[in-house]
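Step one of this worksheet: look at the structure below.
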Amino acid sequence: MVGIALADRRFFPLVDERSGGAKRVVLEPAHEGQRQVEVRLLMRDDQKELHVGSLFIEAVGEVVVDVLVRDGRLVARARSGDRQQHLNVNLSLIEEEYALPDLDLLSPEEREALEEEMRRQGDLDEDVFSEWEEERPRRSAWWWLLLVAGVLLGLGVALGGAYLVYRFLLQPEPLPRLEGSLGEGLRMAAGWAGLLCMSLRR
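Now the structure itself:
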């Protein structure tokens with residue numbers, strides 16, 4: 096079982112390394128004013144407890160820890176605010192001799208060197224974690240064809256509706272037809288103009 100060590104050194108189980116899976120846990124600072132949090136990842140069974148790795152992160156409150164185990168690999172991420180650290184470990188390569196170090200007994204120089212190594216390991220494994228996190232099924236060709244057909248159908252319905260609105264609601268009433276033809280109207284106008292000229296000469 097893969098889990099984390101709590102501040103009181105209790106083991107908190109998360110994922111079975113044999114069946115795999117994913118789990119998220121939210122951690123609170125152990126004491127007020129704590130600026131850095133160490134997340135110790137452990138693998139434990141009935142006979143032994145192995146140190147898988149640690150994540151060191153500058154905390155600004157709660158720390159969200161995501162743990163993913165798949166195909167014998169463990170990928171972990173710790174996040175607090177806009178800060179995050181990653182860890183990628185092949186569980187099958189962990190030796191029993193790689194025991195949990197007692198960090199309380201380390202000198203400041205040794206602890207700083209260990210923290211720097213863990214940060215470097217997290218930076219190197221960030222690309223692998225991102226690739227797993229962004230993994231999504233690919234869209235098939237039929238999906239894209241249906242999408243294009245739906246867009247074209249929507250455009251056709253919209254254009255048809257716009258035409259009907261214009262045709263029956265917005266189009267002005269047609270002007271009434273004038274009596275007679277255009278030629279008759281011109282002849283009548285010429286006749287009236289002639290009569291008017293004759294009356295003026297008199």
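Numbering (the numbering used here) for the sequence shown: 96 to 297.
Think of the CB as a built atom: it goes at the ideal place given N, C-alpha and C, for glycine as much as any other residue.
Residues that DSSP places opposite residue i in a beta bridge
i	result
D161	R119, R172
Q179	R174
P108	G98
E144	R139
L150	V134
V184	L169
Classification of residue i by the beta-carbon crowding that lies within 10 angstroms, buried from 16 upward
i	result
F107	exposed
Q180	buried
L259	exposed
G98	buried
D251	What sits at residue 251 in the sequence shown is Gly, not Asp. Per the 10 Å Cβ criterion, exposed.
G256	exposed
V147	buried
V246	exposed
L242	exposed
L188	exposed
CB-CB length for residue i against residue j, believed under 8 Å
i	j	result
A173	V134	5 Å
R119	D161	5 Å
M138	L186	7 Å
V158	I152	6 Å
A154	Q131	6 Å
A171	L136	6 Å
Contacting residues, own chain, Cβ-Cβ under 7 Å from residue i (five flanking each side not counted)
i	result
G116	V110, V164
8 Å CB neighbourhood of residue i in its chain, flanking five on each side removed
i	result
V121	E157, V158, V159, V160
D140	M96
Same chain, Cβ closer than 6 Å to residue i, five either side skipped, listed in chain order
i	result
L150	V134, A173, Q180, L182
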